[in-house]
Amino acid sequence: MVTVVFDVVLGTGMIIAALGALWSRELFRAVVLFVVFGLLVALAWIRLQAPDVALAEAAIGAGLTGALLLDAVGHLRSARREERE
Amino acid sequence: MTRARTLSAGLLSAGVAVTLALAIRDRPRAGIDLAATVRNAIPDSGVEHDITAVLLQFRSYDTLLEIAVLLVAAVVALALRDEPSSRTVPPLETAEDEAINTPLLAALQRLLLPVMLVTAVYLLWAGAFQPGGAFQAGAVLAALGVLWRVAGSPLGVTISAAWRRGALVIGFAVFLAAGSAMLLLGRPLLNWPAEWAKIIIIAIEFVLMLSIAVSLLGLFASSPNAADQQP
Amino acid sequence: MSIDLWYAMIGGLLFALAFGAFMAHTHLLRRLLAFNIMGTGCFLLLVGLSQHGRGPDPVPQALVLTGIVVAVASTALALVLLRRWFAATGQTTLPEDTHA
Numbered sequence: 001m002v003t004v005v006f007d008v009v010l011g012t013g014m015i016i017a018a019l020g021a022l023w024s025r026e027l028f029r030a031v032v033l034f035v036v037f038g039l040l041v042a043l044a045w046i047r048l049q050a051p052d053v054a055l056a057e058a059a060i061g062a063g064l065t066g067a068l069l070l071d072a073v074g075h076l077r078s079a080r081r082e083e084r085e
Numbered sequence: 086m087t088r089a090r091t092l093s094a095g096l097l098s099a100g101v102a103v104t105l106a107l108a109i110r111d112r113p114r115a116g117i118d119l120a121a122t123v124r125n126a127i128p129d130s131g132v133e134h135d136i137t138a139v140l141l142q143f144r145s146y147d148t149l150l151e152i153a154v155l156l157v158a159a160v161v162a163l164a165l166r167d168e169p170s171s172r173t174v175p176p177l178e179t180a181e182d183e184a185i186n187t188p189l190l191a192a193l194q195r196l197l198l199p200v201m202l203v204t205a206v207y208l209l210w211a212g213a214f215q216p217g218g219a220f221q222a223g224a225v226l227a228a229l230g231v232l233w234r235v236a237g238s239p240l241g242v243t244i245s246a247a248w249r250r251g252a253l254v255i256g257f258a259v260f261l262a263a264g265s266a267m268l269l270l271g272r273p274l275l276n277w278p279a280e281w282a283k284i285i286i287i288a289i290e291f292v293l294m295l296s297i298a299v300s301l302l303g304l305f306a307s308s309p310n311a312a313d314q315q316p
Numbered sequence: 317m318s319i320d321l322w323y324a325m326i327g328g329l330l331f332a333l334a335f336g337a338f339m340a341h342t343h344l345l346r347r348l349l350a351f352n353i354m355g356t357g358c359f360l361l362l363v364g365l366s367q368h369g370r371g372p373d374p375v376p377q378a379l380v381l382t383g384i385v386v387a388v389a390s391t392a393l394a395l396v397l398l399r400r401w402f403a404a405t406g407q408t409t410l411p412e413d414t415h416a
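Structural data, given as structure tokens:
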């Protein structure tokens, strides 16, 4: 019973985080929610009995991709700010 | 974003969702049981963990191509990044000047680097019989590299560009060479003989770890720095 | 319904939602986010469906492992191209979308 609730909550959380990542007004918030999404997906991989995939998703999928995207967002924002000055 | 565009996107999205739901409901029965096939073939593979065996013995061709893709992406990213107009991180050689020098970061680095190194090597070795392997170890090493770049070199050690380029290429080169060597022995490409499989797989995973780490590090841009504000 | 089928359905839903967002947005970085989420949806679908009713299956898991690394490589490359495009034109949308 507990595991069913856990899976339902995790699945719903993934959908909500994905919707936030896709439709947030600010780009920074979208990328942060994308990282959250990645970590929730890592939990989902554990539930799917795929620990290797969970390790790779957390490290590469959420961590590295999130860092790359954050860096890009910061770059775009600072360039925009310079442009306006 | 026009109304027409949003509407058609929404319709397409709903259509895809319905199609996928129908496809999941009407999926055909699986005719083969790959898990059992892999389980029966594990003794011939040289490793005990099924995912490592699949990655490096049964479907080693996929892993070879994946390393090639990673190498190409890293090379193109490093090449394009050296243009001043797109540069937000200094080329790896001059990263020393832009490192952040705070005592907290230095202390953290002193604590973390050895632990991360040991963790990476352990993950690599453990991949033979439990979850782990070259990719996870490479990711931890890449994180180690990021910490190295952000906080500055520990003990003033510098790694020359030639070593870095060598590490980038060595994974793919060794993997391809070993796989082709099997052709010379009269076996199919990338098909390891049973008694040598363990040694070959460990050696290949080691160089793969190095290559993956340097490739991921090359793809990653570290913290913003003074070069960012140049016109 | 087993756990695997539940996550497969979540993966399918993620794919459809991200596909819609990919079509709707014109900002290239948002499209990249949508592309990544579509990829994750595919991976969940792949592993979930193959393991439904059967035990853990190492072959799809290994394929997904490969897929994650390839996805990050293509994302990194797309970001480099995006930054070059932005540096060259000051835009974050493609010319055909800028007048949409």
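Chains as they are written, first to last, in the working numbering: chain W, 1 to 85; chain X, 86 to 316; chain H, 317 to 416.
Cβ atoms here follow ideal geometry from the backbone N, Cα and C, with glycine treated the same way.
Small disclaimer: the values here were computed from a predicted structure and weren't measured.
Q.
Against chain X, does Ile-60/W count as a neighbour if the rule is that its beta carbon must be under 8 Å from one of theirs?
A. At least one chain X Cβ lies under 8 Å of Ile-60/W.
Q. Could you give the C-beta distance for Ile-60/W and Ile-353/H, rounded to a whole number, given that I count them as a contact under 8 Å?
A. A Cβ-Cβ distance of about 15 Å is found for the pair Ile-60/W and Ile-353/H, leaving them out of contact under the 8 Å criterion.
Q. Along the region 4–26 of chain W, what residues have a CB closer than 8 Å to any CB found in chain X?
A. Of all residues in the region 4–26 of chain W, none comes within less than 8 Å of chain X when Cβ atoms are compared.
Q. Ser-170/X: buried (16+ other C-beta within 10 angstroms of its C-beta) or exposed?
A. Legend: pLDDT at Ser-170/X = 48, less than 50; position of this residue unreliable, value from coordinates given subsequently. In the assembly as shown, Ser-170/X is an exposed residue. Its beta-carbon has fewer than 16 other beta-carbons within 10 Å.
Q | Pro-374/H: contacting residues in chain X (beta-carbon distance under 7 Å) | A | Per Cβ cutoff of 7 Å: Ala-120, Val-123, Asp-135, Ile-136, Val-139.
Q. Using the rule of at least 16 other Cβ atoms within 10 Å of the residue's Cβ for burial, across every protein chain shown, is Trp-45/W buried or exposed?
A. Here Trp-45/W is buried: its Cβ has 16 or more other Cβ atoms, across all protein chains shown, within 10 Å.
Q: Taking 8 Å as the cut-off, decide whether the C-beta atoms of Phe-422/H and Gly-369/H are in contact.
A: Nothing about residue 422/H can be reported from this structure: the residues present for chain H run from 317 to 416 only.
Q: With 9 Å as the C-beta to C-beta threshold (strictly closer), list the residues of the region 330–348 of chain H near chain X in chain order.
A: Answer in chain order: Phe-331, Ala-332, Leu-333, Ala-334, Phe-335, Gly-336, Ala-337, Phe-338, Met-339, Ala-340, His-341, Thr-342.
(Q) Is the separation between the beta-carbon of Asp-375/H and that of Leu-119/X shorter than 8 Å? (A) Checking the sequence shown, residue 375/H turns out to be Val, not Asp. In this structure, Leu-119/X lies closer than 8 Å to Val-375/H by Cβ.
Q: Report, in whole angstroms, the separation of the C-beta atoms of Val-380/H and Leu-362/H, which I expect to be a contact under 8 Å.
A: Confirmed, about 6 Å.
Q: Kindly indicate the opening and closing residues of the alpha helix (DSSP H) around Val-31/W.
A: First-last of the alpha helix (DSSP H) with Val-31/W: 27–47.
Q) Leu-356/X to Gly-328/H, Cα distance in whole Å? A) Since the first residue of chain X shown is 86 and the last is 316, residue 356/X is not available in this structure.
Q. Going along the chain, which residues of its own chain have a beta-carbon closer than 7 Å to the beta-carbon of Glu-178/X, five neighbours each way excluded?
A. Legend: pLDDT at Glu-178/X = 49, less than 50; position of this residue unreliable, no value from coordinates given.
Q. Is there at least one Cβ from chain X nearer than 8 Å to Leu-43/W's Cβ?
A. For Leu-43/W, the nearest beta carbon of chain X is not closer than 8 Å to its own beta carbon.
Q.
Which of the three DSSP states is assigned to Ala-211/X in this structure?
A. For Ala-211/X, the three-state secondary structure derived from DSSP is helix.
Q: Work out the CA separation of Val-32/W and Ala-340/H for me, nearest whole Å.
A: Using only the alpha carbons, I get a separation of about 21 Å.
Q) Closest to Ala-213/X by CA distance: which of Gly-303/X, Ala-258/X, Phe-291/X, Leu-232/X is it? A) Phe-291/X is the residue among Gly-303/X, Ala-258/X, Phe-291/X, Leu-232/X whose C-alpha sits nearest the C-alpha of Ala-213/X.
(Q) Does chain W have any CB closer than 8 Å to the CB of Val-385/H? (A) It does: the Cβ of Val-385/H has a partner Cβ on chain W nearer than 8 Å.
Q.
What does the alpha-carbon distance come out to for the pair Ala-18/W and Ser-366/H?
A. The C-alpha of Ala-18/W lies about 24 Å from the C-alpha of Ser-366/H.
Q. From Arg-172/X to Arg-114/X, what distance separates their C-alpha atoms?
A. Residue placement at Arg-172/X cannot be trusted, given a pLDDT of 48 that sits under 50; the coordinates are not used to answer.
Q. From Met-317/H to Arg-110/X, what distance separates their C-alpha atoms?
A. Take the alpha-carbon of Met-317/H and the one of Arg-110/X: they are about 11 Å apart.
Q) Can you name, in chain order, every residue of its own chain whose Cβ lies under 7 Å from the Cβ of Phe-220/X, other than the five neighbours on each side? A) Contacts found: Ile-297.
**Q.** Cβ contact (3+ pairs, closer than 8 Å) linking the region 63–77 of chain W and the region 99–107 of chain X
**A.** These segments do not touch.
Q: Return the chain-ordered list of same chain residues with a C-beta closer than 6 Å to the C-beta of Ala-279/X, the five sequence neighbours on each side being excluded.
A: Leaving aside the five residues that flank Ala-279/X on each side, the residues in its chain whose CB is nearer than 6 Å to its CB run, in chain order, Asp-129.
Q. Going along the chain, which residues of its own chain have a beta-carbon closer than 7 Å to the beta-carbon of Thr-148/X, five neighbours each way excluded?
A. Sequence-distant Cβ neighbours of Thr-148/X in its own chain, meaning closer than 7 Å and more than five residues away, are Leu-140, Leu-141.
Q | Coil, strand or helix - Ile-326/H by DSSP | A | Three-state DSSP puts Ile-326/H in a helix.
**Q.** Residue burial classification, Arg-399/H (beta-carbon count within 10 angstroms, cutoff 16)
**A.** With 16 or more other Cβ atoms within 10 Å, it is buried.
Q: Please report how far the alpha carbon of Ile-136/X lies from the alpha carbon of Leu-10/W, in whole angstroms.
A: Using only the alpha carbons, I get a separation of about 25 Å.
Q.
Please classify Thr-3/W as buried or exposed, where buried requires at least 16 neighbouring CB atoms within 10 angstroms.
A. Around the beta carbon of Thr-3/W, fewer than 16 other beta carbons sit within 10 angstroms, so the residue counts as exposed.
(Q) Could you compute how far the alpha carbon of Leu-155/X sits from the alpha carbon of Leu-165/X? (A) Approximately 15 Å between the Cα atoms of the pair.
Q) Anyone know if the C-beta pair for Val-200/X and Leu-302/X falls short of 8 Å? A) Not a contact, by the Cβ cut-off of 8 Å.
Q | Nearest to Phe-34/W (by Cα), restricted to the options Glu-82/W, Leu-48/W, Pro-51/W, Gly-13/W | A | The option with the nearest alpha carbon to Phe-34/W is Gly-13/W.
Q) Exposed or buried, Met-1/W, counting other C-beta atoms within 10 Å across all chains shown (16 or more means buried)? A) Exposed: under 16 other Cβ atoms inside 10 Å.
Q.
Determine whether the beta carbon atoms of Val-299/X and Ala-252/X lie at a separation below 8 Å.
A. At the C-beta level, Val-299/X and Ala-252/X come within 8 Å of one another.
Q) What residues in its chain sit with their C-beta under 7 Å from that of Glu-57/W, if we drop five residues either side in the sequence? A) Excluding sequence positions up to five before and after Glu-57/W, its CB lies within less than 7 Å of the CB of Gly-38, Val-41, Ala-42, Trp-45, all in the same chain and listed in chain order.
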